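Student:
Numbering (my numbering), first residue to last: 1 to 535.
(1) So what does residue 48 bridge to, in DSSP terms?
(2) Can you tell me where the beta strand (DSSP E) holding residue 81 begins and where it ends?
(3) Considering only their Cβ atoms, is the gap separating residue 261 from residue 358 smaller than 8 Å?
(4) Are the beta-carbon atoms belonging to residue 181 and residue 253 less than 8 Å from one another?
(5) Under 8 Å: do the stretch 32 to 50 and the stretch 329 to 346 share three or more Cβ pairs, one atom per stretch?
(6) Tell whether a beta-carbon distance below 8 Å holds between residue 341 and residue 397.
(7) Which residues mark the beginning and the end of the alpha helix (DSSP H) in which residue 504 is found?
(8) Run through the stretch 268 to 341 for me and flag every whole beta strand (DSSP E) of 3 or more residues, listed as ranges in chain order.
(9) Which full runs of the beta strand (DSSP E) of 3+ residues lie inside the stretch 114 to 164, going along the chain?
(10) Which whole runs of the beta strand (DSSP E) in the stretch 210 to 278 are 3 residues long or more, in chain order?
(11) Taking the alpha-carbon of residue 462 as reference, which of 421, 509, 505, 77 has the nearest alpha-carbon?
(12) Relative to the C-alpha of residue 279, which residue among 52, 467, 482, 130 is closest?
(13) What are the boundary residues of the beta strand (DSSP E) that includes residue 179?
(14) Under a three-way DSSP split, which group does residue 2 fall into?
(15) At which residues does the alpha helix (DSSP H) containing residue 190 begin and terminate?
(16) State buried or exposed for residue 1, treating a residue as buried only when at least 16 other CB atoms are found within 10 Å of its CB.
(17) 8 Å is my cut-off, CB to CB: does residue 173 come that close to chain B?
(18) Sort out for me which residues DSSP pairs residue 356 with in a bridge.
(19) In whole angstroms, give me the CA-to-CA distance for residue 385 and residue 392.
(20) Could you check how far apart the C-beta atoms of residue 177 and residue 147 are, in whole angstroms? I think they sit under 8 Å.
(21) Compare the beta carbon distance of residue 30 and residue 388 with 8 Å and say whether it is the shorter of the two.
(22) Rounded to the nearest angstrom, what separates residue 408 and residue 367 at their Cα positions?
(23) So does the stretch 237 to 254 actually touch the stretch 183 to 194, counting three or more Cβ pairs closer than 8 Å?
(24) Would you mind sorting residue 519 into buried or exposed? The rule is 16 or more other CB atoms within 10 Å of its CB.
(25) What are the start and end residues of each continuous alpha helix (DSSP H) run of 4 or more residues lying completely inside the stretch 466 to 492, in chain order?
(26) Span of the alpha helix (DSSP H) holding residue 409?
(27) From the DSSP output, which residues share a beta bridge with residue 398?
(28) Leaving out five residues on either side along the sequence, give the residues of the same chain with a beta carbon under 8 Å from the beta carbon of residue 250.
(29) In terms of residues, what are the limits of the alpha helix (DSSP H) holding residue 381?
(30) Got a sec, what are the start and stop residues for the alpha helix (DSSP H) residue 438 sits in?
(31) Pick out whichever of 330, 255, 424 has its Cα sitting closest to the Cα of residue 44.
(32) Report buried or exposed for residue 26, applying the criterion of at least 16 other Cβ atoms within 10 angstroms of its Cβ.
(33) Residue 38 bridges to which residues according to DSSP?
(34) Within 10 angstroms of the Cβ of residue 3, are there 16 or more other Cβ atoms? Answer buried if so, exposed if not.
(35) Note down, in chain order, each residue of its chain lying with its Cβ closer than 8 Å to the Cβ of residue 298, except the 5 sequence neighbours on either side.
(36) Counting pairs of beta carbons, one from the stretch 469 to 484 and one from the stretch 97 to 115, are three or more of them closer than 8 Å?
Written out as structure tokens, the structure is:
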């Protein structure tokens with residue numbers, strides 16, 4: 001389907017960027033900006049030693065006390081946010097959005113078509129067919145959905161083109177159209193091993209085709225997601241209703257607030273399941289309680305809720321922000337922050353509360369699964385590249401108010417740096433301070449603070465009981481579970497701290513450190529395998 005033409009990365013990236021940075025960014029500034037995140041996170045990691053050597057134990061104790069109180073507050077807020085999200089999910093599941101669409105703007109809906117962008121690498125039909133089946137059941141009508149399969153050259157001829165032909169034979173008459181594009185391997189300067197360069201190639205080629213045919217790309221809503229995602233039948237109608245009723249719909253992205261990994265959640269090893277569960281809960285909480293932030297000294301609101309994994313955006317918007325940057329190994333958060341800068345802060349997310357199911361990391365054995373999981377988390381850790389690239393873009397963008405810029409920087413520091421150190425400081429940090437400082441070890445604070453922390457954190461245990469109940473509404477347990485397995489499931493919630501000190505901390509620290517020491521953004525990332533564990 002796709003006539004492969006060898007291009008250079010300069011023809012495939014945003015014309016005003018190089019490696020994600022504005023073209024005019026000097027190398028010394030790039031290095032300074034890349035050093036900041038790693039320096040900050042290592043400052044907090046080493047803060048028990050630093051404060052002990054400086055004799056500032058009281059300051060450290062005050063900070064930990066603040067973190068404990070703040071974390072309890074967030075724990076209560078977290079539970080409330082999940083409860084609100086579940087109520088909204090139940091509401092959306094029971095809502096018929098099609099009559100609402102017709103009432104809102106039937107003419108505009110008649111103009112809209114949808115693109116399901118499906119990037120593939122080594123996935124088999126056991127992964128792809130359930131996803132195609134789910135999309136074919138969309139209540140907007142499968143005849144409004146164009147399927148674009150984005151393939152990698154390495155696996156196209158032997159695997160993915162044959163898979164495509166099988167799928168087209170079954171679904172070709174159901175969808176509006178089905179075609180594929182093959183992303184050439186070995187384009188110098190591209191980040192390999194991730195979907196960003198692949199989907200960037202496919203959509204640039206597809207937009208060229210549509211425009212050559214005289215089509216108005218403003219009439220297309222693009223769904224970009226992993227190939228294992230299986231949406232609720234009302235997913236597209238709910239998003240369409242949002243699109244037709246919000247202000248500035250083209251300067252928005254649309255996503256499900258109920259992002260689950262239910263396809264294989266009960267097969268994967270326990271720490272992967274714990275992380276996957278927390279990802280679902282955190283995503284839902286963030287949409288319900290932390291969607292908007294007020295800009296200081298302004299009545300304006302800003303949203304730092306970045307695109308993640310699966311989202312919908314108007315095709316015209318995608319072209320205006322220059323698609324995805326193939327030189328960066330992270331495609332979702334970088335897309336969001338790039339759009340935020342280009343639209344002068346006026347780009348944000350709109351959510352629907354209909355579940356979408358994906359795969360958690362899984363490989364043939366438990367050990368291979370954990371190895372794959374670490375590699376995935378390390379790649380996600382490199383998402384911190386948004387800090388230096390966005391900050392550089394803000395420096396060279398003159399028509400964004402300074403209070404907006406400062407708030408954007410603070411949001412990135414808070415979301416991508418500070419939160420990763422909280423559990424470490426509240427657990428290991430205090431013990432390390434006692435090791436490094438005799439003054440603290442024999443002080444009243446060394447006794448009173450852990451006691452107070454134990455009392456306050458016990459409140460979080462109560463919150464955890466609510467979380468277990470809410471989690472089972474979002475992630476139903478297998479019906480045939482015996483009593484002992486139900487009891488073990490209740491115990492898994494206690495492993496959250498273990499997860500946040502291991503896979504939720506170490507690979508991110510590694511990525512921050514690599515960037516700090518100038519290793520540069522990796523050009524050959526690990527593509528997460530989607531295979532089943534052998535019993």
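In this text, a Cβ means the ideal position worked out from N, Cα and C, and glycines have one as well.
No experiment lies behind these values; they were computed from the predicted model shown.
Tutor: Let's see:
(1) Translated into positions along the chain shown, residue 48 becomes position 48. Checking the DSSP bridge columns, you'll see residue 48 has no partner listed.
(2) Residue mapping note: residue 81 aligns to position 81 of the chain shown, counting from 1. For residue 81, there is no enclosing beta strand (DSSP E); the enclosing alpha helix (DSSP H) covers residues 57 to 93.
(3) Along the chain shown, one-based indexing puts residue 358 at 358. Along the chain shown, one-based indexing puts residue 261 at 261. Their beta carbons are under 8 Å apart, which means residue 358 touches residue 261 by this criterion.
(4) Position 181 of the chain shown, counting from 1, holds the residue named residue 181. Position 253 of the chain shown, counting from 1, holds the residue named residue 253. Not a contact, by the Cβ cut-off of 8 Å.
(5) Short answer: they don't touch.
(6) One-based indexing of the chain shown puts residue 341 at position 341. One-based indexing of the chain shown puts residue 397 at position 397. Their beta carbons are under 8 Å apart, which means residue 341 touches residue 397 by this criterion.
(7) Along the chain shown, one-based indexing puts residue 504 at 504. No alpha helix (DSSP H) holds residue 504; DSSP gives it neither H nor E.
(8) Within the stretch 268 to 341, the complete beta strand (DSSP E) runs of at least 3 residues are 311 to 314.
(9) If we require 3 residues or more, the beta strand (DSSP E) runs fully inside the stretch 114 to 164 come out as 145 to 152.
(10) Whole beta strand (DSSP E) segments, 3+ residues: 220 to 224, 252 to 256.
(11) Counting from 1 along the chain shown, the entry for residue 462 is found at position 462. Comparing Cα-Cα distances from residue 462 to each of 421, 509, 505, 77, the minimum goes to 77.
(12) Within the chain shown, numbered from 1, the residue matching residue 279 stands at position 279. If you compare the alpha carbons of 52, 467, 482, 130 with that of residue 279, the shortest gap goes to 467.
(13) Sequence index remark: in the chain shown, residue 179 carries index 179 (1-based). Run containing residue 179: 177 to 183, per the beta strand (DSSP E) assignment.
(14) Translated into the one-based positions of the chain shown, residue 2 becomes position 2. The predicted position of residue 2 is uncertain, since its pLDDT is 45 and thus under 50; a value taken from the coordinates is nonetheless stated next. If DSSP states are grouped into helix, strand and coil, residue 2 belongs with coil.
(15) Here residue 190 refers to the residue found at position 190 of the chain shown. Where residue 190 is concerned, there is no enclosing alpha helix (DSSP H), because DSSP gives it neither an H nor an E.
(16) Translated into positions along the chain shown, residue 1 becomes position 1. Caution is warranted here: a pLDDT of 45 is assigned to residue 1, below 50, making its placement in the model unreliable, and no coordinate value can be reported.
(17) Of the chains in the structure shown, none is chain B; there is only one protein chain.
(18) Within the chain shown, numbered from 1, the residue matching residue 356 stands at position 356. Its beta-bridge partners are 231, 259.
(19) Locating residue 385 in the chain shown gives position 385, counting from the first residue. Locating residue 392 in the chain shown gives position 392, counting from the first residue. If I take the Cα positions, the gap works out to 11 Å.
(20) Position 177 of the chain shown, counted from the first residue, corresponds to residue 177. Position 147 of the chain shown, counted from the first residue, corresponds to residue 147. Residue 177 to residue 147, Cβ: 7 Å. Contact.
(21) For this step, residue 30 is matched to residue 30 along the chain shown. For this step, residue 388 is matched to residue 388 along the chain shown. Going by C-beta atoms, residue 30 is nearer than 8 Å to residue 388.
(22) For the purposes of this step, residue 408 is taken as residue 408 along the chain shown, with counting starting at 1. For the purposes of this step, residue 367 is taken as residue 367 along the chain shown, with counting starting at 1. Between residue 408 and residue 367, the C-alpha separation is close to 39 Å.
(23) Contact fails between the stretch 237 to 254 and the stretch 183 to 194, because fewer than three Cβ pairs, one in each stretch, are under 8 Å apart.
(24) Position 519 of the chain shown holds residue 519. Label assigned to residue 519: exposed.
(25) Runs found: 483 to 492.
(26) The count along the chain shown starts at 1 and reaches residue 409 at position 409. Run containing residue 409: 402 to 416, per the alpha helix (DSSP H) assignment.
(27) Here the question's residue 398 lines up with position 398 in the chain shown. Answer by DSSP bridge pairing: none, since residue 398 is not bridged.
(28) Numbered from its first residue, the chain shown carries residue 250 at position 250. Counting only Cβ-Cβ distances below 8 Å, and skipping sequence neighbours, we find 218, 314, 316, 317.
(29) For the purposes of this step, residue 381 is taken as the residue at position 381 of the chain shown. 366 to 381 is the extent of the alpha helix (DSSP H) around residue 381.
(30) As a working mapping, residue 438 is identified with position 438 in the chain shown. Counted as a single uninterrupted DSSP element, the alpha helix (DSSP H) harbouring residue 438 occupies residues 438 to 441.
(31) One-based indexing of the chain shown puts residue 44 at position 44. When each option's Cα is compared against that of residue 44, the closest is 424.
(32) As a first step, residue 26 is located in the chain shown; it is residue number 26 there, counting from the start. Exposed is the call here.
(33) Looking up residue 38 in the chain shown gives position 38. Answer is none; residue 38 lacks a bridge partner.
(34) Indexing the chain shown from 1 puts residue 3 at position 3. Any reading at residue 3 needs caution, since the residue's pLDDT is 44, under 50, leaving its predicted position unreliable; the model's value is listed next. When all chains shown are included, residue 3 counts as exposed.
(35) If you number the chain shown from 1, residue 298 lands on position 298. Close CB contacts of residue 298 within its chain, under the 8 Å cut and outside five residues either way in sequence, are with 401, 403, 404 (chain order).
(36) No: fewer than three Cβ pairs fall under 8 Å.
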